[in-house]
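In the working numbering, the protein residues as written are 22 to 279.
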Ligand SMILES: Nc1ncnc2c1ncn2[C@@H]1O[C@H](COP(=O)(O)OP(=O)(O)O)[C@@H](O)[C@H]1O
Ligand SMILES: [Mg+2]
């Protein structure tokens, strides 16, 4: 098991209860999504898992994270890409930023897979890149330390449709190769296509923990989360005895309707 969280609570300023008795386990190799309304506590959990905010009852790789003896060695194996990913940049050029972070050749390879040409951006300041380019650079840098766990806070925000699909396919491949990923998102299609596990967070509590969150219509509605159109269509067809896979539905509809 990678992560074991037991009875985690967190208070913000003015003793505001931000997390309330949170419990969950995430196995090695899982692609886990945290979903829930803005302000529900998703980022706070990621920051505690990275050891950036204090916590209790967090075990990672079988060791207590908030024990001075373990924290550094655990953190070496986890990477975190902030929602405001430019907060992670320090250098004046992309080239310098990459060189202080790890192997340049590996970085160029990853950037290529993300459709970013290193030669075109190497002389630029990381801060003058577009939103999507910044995010791709931040993810590349996060991967240079060969983490066992990757934490991503809304990584597809600000990416155009094609870039976001490419990034998700790239992350999915890394996950298939064994990387444990925890990602927050507001895009329910990402959850539908890639989640092996989903946690729904509401007002600082885990209100769902399972494999197929889109079965939980009432709960999703209460948490103001939508079921993707494709899933609603597939479920509706299945209720009428027509069992299709996602990729079959377009052909089926065209044949029926045209
Ligand atoms: N530094 C902070 N001090 C006090 N409250 C905070 C701080 N950061 C976040 N919060 C509050 O904690 C709650 C959870 O925030 P957050 O974890 O960012 O939620 P999410 O990522 O789900 O949008 C929100 O009510 C937010 O206003
Ligand atoms: Mg957040």
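The beta carbon of each residue, even a glycine, is placed where N, CA and C say it ideally should be.
Complete runs of the beta strand (DSSP E) confined to the stretch 22-49 [at least 3 residues]: For the stretch 22-49, whole beta strand (DSSP E) runs of length 3 or above, ordered along the chain, are 24-32 and 38-47.
How far does the beta strand (DSSP E) with residue 60 in it extend, from its first residue to its last? Run containing residue 60: none; DSSP gives neither H nor E here.
Quick one: complete alpha helix (DSSP H) runs, 4+ long, within the stretch 127-155? Within the stretch 127-155, the alpha helix (DSSP H) runs of at least 4 residues that lie entirely inside it are, in chain order, 139-142.
Have a look at residue 117 and residue 129 and give me their C-alpha separation to the nearest angstrom. Straight-line spacing of the CA atoms in residue 117 and residue 129 works out to 13 Å.
Using CA coordinates, which residue listed in 106, 97 and 210 is at the minimum distance from residue 161? The shortest C-alpha separation from residue 161 is found at 106.
In three-state DSSP terms, what is residue 85? Residue 85 sits in a strand when the DSSP states are folded into three classes.
Hey, residue 192 and residue 180 are a contact pair by Cβ (cut 8 Å); roughly how many whole angstroms apart? So it is not a contact: roughly 12 Å between Cβ atoms.
Considering only residues of the same chain and omitting the five flanking positions on each side of residue 25, which have a CB-CB separation below 6 Å? Excluding residues within five positions, the ones whose Cβ falls inside 6 Å are 46 and 80.
Between which two residues does the alpha helix (DSSP H) containing residue 220 stretch? Boundaries for residue 220: no alpha helix (DSSP H) harbours it, while the beta strand (DSSP E) harbouring it runs 218-223, taken from the DSSP string.
Heavy atom of ligand 3 less than 7 Å from the Cβ of residue 57, yes or no? Because ligand 3 does not appear in the structure shown, any question about it cannot be addressed here, the ligands present being ligand 1 and ligand 2.
Under DSSP, the beta strand (DSSP E) around residue 231 begins and ends at which residues? Going by DSSP, residue 231 is part of the beta strand (DSSP E) stretching over 226-231.
Indicate whether residue 67 and residue 208 have their beta-carbon atoms separated by less than 8 Å. Judged by beta-carbon spacing, residue 208 lies beyond the 8 Å limit of residue 67, meaning their Cβ atoms are not closer than that value.
Among 154, 279, 278 and 169, which residue has its Cα nearest to the Cα of residue 136? When the alpha-carbon of residue 136 is set against those of 154, 279, 278 and 169, the nearest one is in 154.
My understanding is that residue 61 touches residue 224, with C-beta atoms under 8 Å, so please give their C-beta distance in whole angstroms. About 6 Å separates the CB atoms of residue 61 and residue 224; that is less than 8 Å, so the two are in contact.
Among residues of its own chain, excluding the 5 on either side of residue 57, which ones have a beta-carbon nearer than 7 Å to its beta-carbon? Contacts found: 63, 221, 222, 223 and 244.
Starting from residue 256, trace the beta strand (DSSP E) in both directions and tell me its first and last residue. Not the beta strand (DSSP E): residue 256 falls in the alpha helix (DSSP H), residues 250-260.
From what residue to what residue does the beta strand (DSSP E) around residue 184 run? Here residue 184 belongs to no beta strand (DSSP E); instead the alpha helix (DSSP H) covers 182-197.
Unbroken beta strand (DSSP E) run spanning residue 241, endpoints: Counting along the chain, no beta strand (DSSP E) covers residue 241; the unbroken alpha helix (DSSP H) around it starts and ends at 238-243.
Cβ-heavy atom distance between residue 104 and ligand 2 below 7 Å? Yes, Cβ of residue 104 sits closer than 7 Å to a heavy atom of ligand 2.
On the criterion of 16 or more Cβ atoms from any shown chain inside 10 Å, does residue 216 qualify as buried, or is it exposed? By the neighbour-count rule (16 or more Cβ atoms within 10 Å), residue 216 is buried.
Compare the Cα-Cα distances from residue 212 to each of 151, 194, 158 and 53 and report the closest residue. Comparing Cα positions, the closest option is 53.
Euclidean distance between Cα positions of residue 263 and residue 278: The alpha-carbon atoms of residue 263 and residue 278 are separated by roughly 15 Å.
Are the CB atoms of residue 73 and residue 123 nearer to each other than 8 Å? Contact check for residue 73 against residue 123 fails: the beta carbons are separated by 8 Å or more.
Alpha carbon to alpha carbon, how far is residue 90 from residue 77? Give it in angstroms, no decimals. Spanning the alpha carbons of residue 77 and residue 90 requires a straight line of approximately 15 Å.
Any idea what DSSP makes of residue 122, helix, strand or coil? In this structure, DSSP gives residue 122 a state outside helix and strand, which the three-state scheme calls coil.
Look at the alpha carbon of residue 200 and the alpha carbon of residue 257, and state the distance between them as a whole number of angstroms. Rounded to whole angstroms, residue 200 to residue 257 spans 34 Å at the Cα level.
Between the Cα of residue 113 and those of 131, 125 and 148, spot the shortest distance and give me the residue it belongs to. Taking only the C-alpha atoms, the option nearest residue 113 is 148.
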